[in-house]
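From first to last, the protein sequence lines are chains A and B.
Here this note's numbering runs 457 ahead of the position in the first sequence, where the first position is 1.
Here this note's numbering runs 457 ahead of the position in the second sequence, where the first position is 1.
There are 2 protein chains.
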Amino acid sequence: MDGPLVKKYFLKLAPPSMEDSAADLERVIRSLSEVCPGEFDVPLSVASKIPDVLRQSGFELTVTVSFSDTRSIIDAEPGDTSGRCFGLAIDLGTTNVVGVLLDLAEGRQLGELSDVNPQIAHGEDILNRIHFCLKKGNLEELQRQAAGCINSIARRLSDAAGIGVHEIGCVSVSGNTTMAHLFLGLDPYNICRAPYVPVANHFGFFRAADLGLDINPEGAAYVLPNVGSYVGGDVLAGVLVSGMHERSEVSLMVDVGTNAEIVIGNRDWLLVCAGAAGPALEGGVVKFGMRAMPGAIERIKINPETMRSEYSVIGGQGVKPRGMCGSALIDLLAELFLKGLIDGRGKFVEPFLPGVRENDGLREYVVAPAADAEAGEDIVFTEADIDNLVRTKAAMYTALNVVTRELGMSFHDLAEFSIAGTFGAYIAADKAVAIGMVPDIELSKYSLLGNSSLKGACKTLLSREAINEVERIASMITYKELNVSTDFMSEFRAAMFLPHTDASLFPNIV
Amino acid sequence: MDGPLVKKYFLKLAPPSMEDSAADLERVIRSLSEVCPGEFDVPLSVASKIPDVLRQSGFELTVTVSFSDTRSIIDAEPGDTSGRCFGLAIDLGTTNVVGVLLDLAEGRQLGELSDVNPQIAHGEDILNRIHFCLKKGNLEELQRQAAGCINSIARRLSDAAGIGVHEIGCVSVSGNTTMAHLFLGLDPYNICRAPYVPVANHFGFFRAADLGLDINPEGAAYVLPNVGSYVGGDVLAGVLVSGMHERSEVSLMVDVGTNAEIVIGNRDWLLVCAGAAGPALEGGVVKFGMRAMPGAIERIKINPETMRSEYSVIGGQGVKPRGMCGSALIDLLAELFLKGLIDGRGKFVEPFLPGVRENDGLREYVVAPAADAEAGEDIVFTEADIDNLVRTKAAMYTALNVVTRELGMSFHDLAEFSIAGTFGAYIAADKAVAIGMVPDIELSKYSLLGNSSLKGACKTLLSREAINEVERIASMITYKELNVSTDFMSEFRAAMFLPHTDASLFPNIV
């Protein structure tokens, strides 16, 4: 029977007598076994408080059981606290750390919070942080920073929900391979050096206190496994959430971040490959690109009459835009193309339609005028931006195509096409199809997973079975190097057109 | 296949390549699984050193595996160190702590050392120490003292054997219920209060560092289980060593210390009861009684011509005696009776034979004259001493008789009669029979176990199967209160005669 990773049991014991002088701990386990059969570990810190707990409460107590590799009694409290059982799911991203506080007894979400990964002070990207670890003591510092960030999120979520942070009995952490290593204090040195071997792929369970996590010190900390250096627990979480590993039909999932990891397969086999694909969607490459956070335009339409943009901003009405996140960029590129402001090569059509202008010799579309923008300057989308975005979408489409074709399949054979990634929840599948980033298949086959790293972490807390599943996914998945052959390059060039040089591939668009 | 609790494996790995880019840890486990199948836990401290160990040694390394509840890799070292695998067995006595350093690869003993239990500063006996724990912080102090004493023994034994103390991969600790609780920091409060419940009976395995043990920090620390407040791991170790739990015939074991625990049974059932029986044998009750240590007379004969005593002293020739240990007291009482110096009531026969005298109105036998004794005063054995010893032997015989009879058996039905206890190795069974302490059965059925607490601890390190056995013994054994009925009292009185008022019970003596 499936259930959460940590569960509480309220027990009413018969007090000891000369006829029944079982030891305190055995008395508790005897009673617990009636409702939860099995063998139980009891850490000393819990064993040592049991005599007092029993005698404080007339031998009625609540025990917290963690179902990690072994069953452990990780807490004992007087009276009935069985309704108070909490877990913390963490998406440990390179840039952002997002946490969700879960009520495990009720199976519902109590709050969500995002914070900047403090490791960023020692390197914006993974390579910089790996380099930082060359100096003795620095790996330990990054470990403490990761734990500290999770602790801060845990504390704020607990405060907001009116619970004690020590009532959190388990944490599940999903991140890429390097983030998992840094969080566990494992040297990432060989992750970025041929032949690219991590220290470990399967991490499993840890005692929360051993990782510096300030929840129940005996609580279970689970870290999702990875598959080599390129495919992290965040991707496996995506597979878990997509459910593709359970279906008999073949599905595909693409997780778009700095890289685009593509997973294809079914319940019998899973293949994963990774390609540099997504940077233009993540901010920093496109002039006004930014992450999905308050102030980011997330949705754009172009008014067919005025050719002016209509947009919505994360944070709600009254929040002035600062830039555009990935979903807005895809919307915008699609709209510019579909409304005829740009041609298939991504160039502004002359004569310029309203909103398009030339500025200092560079052509651009004005998304939001200075008066409406937070920074008091026009938010624009330049031809150079368009070019970057087209490269990104072309790389992704090519990778998708190569992988599918190498398996002797066509996109139409796919039962489901899932898009994961932090902006994946907001992406409009029809727009992604329109620009030729993803194939022109039935829109109903598209499924937007959103932050599937975080959702997967939640799932592993709410369902013990999900942990077995994700470990099984990690064991069965095969990593395939994307063959950057001349074939790939010529296909890539063909894809650098809206939606594609071969229009027959996108019958619903052109 | 049985083997020691901790074992080392030398592994030669293929270095990673683009074709085989398994993670470091998985590479190690893959190779280990070929010689030792199963799943393995790897604590972070070990996982994090594996990348360096592998690359320091051309991917040849030795891993140390602990076979506790789960299989754990508790160390990784470059090169081949498989011959260096050590364990420490501890008899954690109320007064003395004795340790044996074992070479687990060779299955032999490297050294033995005894030390006074430093907890003695906070109470000579168990009740005083339990009382001491009432004050906050004191339990923790006793815990630290126990660990500190074990650490000191570990260090001295390691130094003497020329090994590093961190090369010790496991510790097994055998003691009475209170000593086990104090060592683990578990509150002993209810052990001495009705209905006498310990915090726990089964302790199992701990991480050495969690108990403050300064061996391999990830090493396995095993604590033998107890059965309620009166029957500790030391007694169960005795059963283990006796092998009575494996035989189809019924055997009996008596463990003589401050109490005498009697275990009777076979492979299908085991019964244990405890009676206050042994104090006169332990020193402190008999005027010149002392523990078995250098300076103690351990063996006494009375010359039938001169009626003078001939004795041997622990520590060898040239060591002057300071007193007599339990085995000597039994010898002496038997010899005085058999040589006709005392009668069946334990009174000196008049006229006094040589060696007997009256001193200040008290009658006594001179064991060693002042000139031969360490303290320069006569070592004597008084009529009061004899009386105490007769009470002790009578209590033990009565307890043995009551238990055996209540099971509908006679002593002659016993396949084996084992005597355990620190002085048990030196006791002469024929002398114990002569004074009527133990029954008059075939002498070949007697088996002297010596310090079976320590021997049992050794066994649990050398044989993983022995740990299952002792846990099984603890689970199957039933504690039986010795019924101090009028029956018992009248039998006790009848036994207060040498060898017994009913001479027919001792046909070979009288």
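In this text, a Cβ means the ideal position worked out from N, Cα and C, and glycines have one as well.
Here the structure is a predicted model, which means the values were calculated and not measured.
Report the rounded CA-to-CA distance for residue i versus residue j, giving the unit in angstroms.
| i | j | result |
| --- | --- | --- |
| A:F949 | A:W726 | 27 Å |
| B:R643 | B:L559 | The displayed chain sequence assigns Leu, not Arg, to residue 643 of chain B. The straight-line gap from Cα to Cα measures roughly 28 Å. |
| B:K506 | A:G865 | 44 Å |
| B:V555 | B:A666 | 20 Å |
| A:Q412 | A:E807 | This structure leaves residue 412 of chain A out entirely; chain A is present only between 458 and 967. |
| B:C649 | A:L693 | 55 Å |
| B:S488 | B:V628 | 27 Å |
| A:F467 | A:T521 | 9 Å |
| B:L793 | B:P896 | 19 Å |
| B:A841 | B:A617 | 44 Å |
| A:P778 | A:D835 | 10 Å |
| B:A799 | B:F805 | Note on identity: in this sequence residue 799 of chain B is Ile, with Ala being the wrong assignment. B:I799 and B:F805: Cα-Cα distance of roughly 4 Å. |
| A:Y903 | A:G812 | 32 Å |
| B:G797 | A:R512 | 60 Å |
| A:G568 | A:V557 | 6 Å |
| B:R802 | A:M475 | 38 Å |
| A:N845 | A:F838 | 11 Å |
| A:F543 | A:L561 | 5 Å |
| B:E815 | B:F809 | 9 Å |
Starting from the Cα of residue i, find the closest Cα among the options and give me that residue.
| i | options | result |
| --- | --- | --- |
| A:G669 | A:L697, A:M701, A:R601, A:V622 | A:R601 |
| A:I898 | A:E703, A:R650, A:E831, A:A872 | A:A872 |
| A:G632 | A:G878, A:R929, A:P535 | A:G878 |
| B:V824 | B:S784, B:G865, B:A889, B:K758 | B:K758 |
| B:P969 | B:L591, B:A677, B:G564, B:G619 | Because chain B in this structure spans residues 458 to 967, residue 969 of chain B falls outside the shown range and cannot be described. |
| A:S867 | A:L962, A:V890, A:M933, A:R929 | A:L962 |
| B:E767 | B:P473, B:R779, B:I754 | B:I754 |
| A:E874 | A:G700, A:T519, A:R748, A:A731 | Just to set this straight, residue 874 of chain A is Phe in the shown sequence, not Glu. Selected option, being the one with the closest Cα: A:G700. |
| B:S909 | B:R541, B:V860, B:G893, B:I547 | B:I547 |
| B:T855 | B:D829, B:I930, B:D959 | B:D959 |
| B:D477 | A:Y936, A:E718, A:G913 | A:Y936 |
| B:V927 | B:G661, B:A471, B:K593, B:L518 | B:G661 |
Which of the three DSSP states is assigned to residue i in this structure?
| i | result |
| --- | --- |
| A:I583 | helix |
| B:M747 | coil |
| A:E926 | helix |
| A:M781 | strand |
| B:P535 | strand |
| B:L670 | coil |
| B:L468 | strand |
| B:A856 | helix |
| B:Q602 | helix |
| B:A562 | coil |
| B:C730 | strand |
| A:S947 | helix |
| A:I754 | strand |
Less than 8 Å between the beta carbons of residue i and residue j, yes or no?
| i | j | result |
| --- | --- | --- |
| B:T552 | B:V573 | yes |
| A:T527 | B:T527 | yes |
| B:A827 | B:K888 | no |
| B:P645 | B:H659 | no |
| A:L549 | A:H579 | no |
| A:G772 | A:G752 | yes |
| B:E563 | A:A657 | no |
| A:L955 | A:V847 | yes |
| A:L795 | A:A891 | yes |
| B:V729 | B:V688 | yes |
| B:R704 | B:N723 | yes |
| A:V510 | A:P472 | no |
| B:S539 | B:K465 | yes |
Three-pair Cβ contact test at 8 Å for the stretch 637 to 655 of chain A versus the stretch 616 to 626 of chain A: no
Sufficient close CB pairs (3 or more, under 8 Å) joining the stretch 913 to 925 of chain B to the stretch 709 to 716 of chain B: no
Stretch-stretch touch, CB-based, cutoff 8 Å, three pairs: the stretch 607 to 615 of chain A with the stretch 645 to 662 of chain A: no
The stretch 742 to 749 of chain A touching the stretch 776 to 783 of chain A, judged by at least three CB pairs closer than 8 Å: yes
Given 8 Å, three or more beta-carbon pairs between the stretch 491 to 500 of chain B and the stretch 528 to 536 of chain B: yes
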